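Trainee:
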Amino acid sequence: MSRIILTAELIKEEEGGYTVYCPELDIYTQGNENISSWWCRV
């Protein structure tokens, strides 16, 4: 079985909310305080 391991860097924004950065795919996504509801489309 093949697998991929990804890293997610959680960055708190000054104006509120968060940005998540995935360096392996070089993508960012933003959201509010409800981090558990986030997901990423590639």
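Residue numbers (UniProt numbering): 1 to 42.
In this text, a Cβ means the ideal position worked out from N, Cα and C, and glycines have one as well.
From a predicted model like this one, the values you see are computed outputs, not experimental measurements.
Excluding the 5 residues preceding and the 5 following glutamate 9 in the sequence, name in chain order all residues of the same chain whose CB lies nearer than 6 Å to its CB.
Mentor: Tyr21, listed in sequence order.
Trainee: What would DSSP say about isoleucine 11, mapped onto helix, strand or coil?
Mentor: The answer is strand: DSSP assigns isoleucine 11 an E or B state.
Trainee: Tell me whether the beta-carbon of glutamine 30 lies closer than 9 Å to the beta-carbon of glutamate 13.
Mentor: Yes, the Cβ-Cβ distance between glutamine 30 and glutamate 13 is below 9 Å.
Trainee: May I have the straight-line CA-CA distance separating serine 2 from threonine 19, to the nearest angstrom?
Mentor: Cα to Cα, the separation comes out at about 29 Å.
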